[in-house]
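Each residue of the sequence shown is one higher than the one before, counting from 77 in this note's numbering. Worksheet for the structure shown next.
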Amino acid sequence: MRLNRSLKELGFKKCNQEHAVYTRGKREASILVGVYVDDLIVTGRSTEGINKFKQQMMTEFEMSDLGLLSYYLGIEVEQQKSRILLRQSAYAKKILSQFQMADCNATKQPMEPKTQLHKDLEGTPIDATEYRRVIGCLRYLLHTRPDLSYSVGMASRYMEKPTSMHHKVVKQILRYLKGTIYFGLAYIKGPQEISIFGYSDSDLAGDLRTKSFSSF
């Protein structure tokens, strides 16, 4: 691949954890490049270093500099002085329109408390293909909407033979989405030291039918 070869010739290394990301340098001189097909996202601490890299790439490839990142793969990017906001509000509106929920009444929670989902062998079957489509759309939305992770994850378990019970849960998620279209992620500028925190939780016999539990 020509792009891969050129980046390596410029001293970049492919990230072991994410092969679409290349890195070069450390600390103040560090530059990160994200690659998707023929689109590049470039970031780093040195504006001078970034501009030099752009010039190097433009001598090798026919490229256009689109300036500060504002939109990428359906994700809206708003860069402010002390934070970066990521949203998928346009995509959320598209989902609601696609599944005839654009004019629905909004709700304040993605899933009713104590909702018990299970394989509903006696329930009314629904179109499994349509169910998978809406779940697939919602799962892509999770890139910037972690508040939907639990409810969408639960609904995703029943894509083989969904029934009206599962459809009701999905409609609840869409109604919640209607009222939170502009929710997203905020990356706030903090101290130089990075602290990583981890959390876990589990329910005890959350499934009343099997007495099993879930953890995350």
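Glycine residues also receive a C-beta, built at the ideal position from the N, C-alpha and C atoms. What you are looking at is a predicted structure, and each value in this text was computed from that prediction instead of being measured.
For ALA168, there is no enclosing beta strand (DSSP E); the enclosing alpha helix (DSSP H) has its first and last residue at 165–174.
A distance of 8 Å or more separates the beta carbons of LEU145 and ILE171. Under the three-state reduction of DSSP, ALA178 is assigned to coil, being neither helix nor strand. Pairing ALA178 with GLN192, the inter-Cα distance amounts to about 27 Å. Distance from the CA of TYR148 to the CA of GLU198, rounded to the nearest whole angstrom, comes to 44 Å.
DSSP links GLY255 through a beta bridge to no other residue. The three-state secondary structure of ALA96, taken from DSSP, is coil.
Counting along the chain, the unbroken beta strand (DSSP E) around GLN155 starts and ends at 151–155. DSSP, reduced to helix, strand and coil, places ASP223 within a helical segment of the structure shown.
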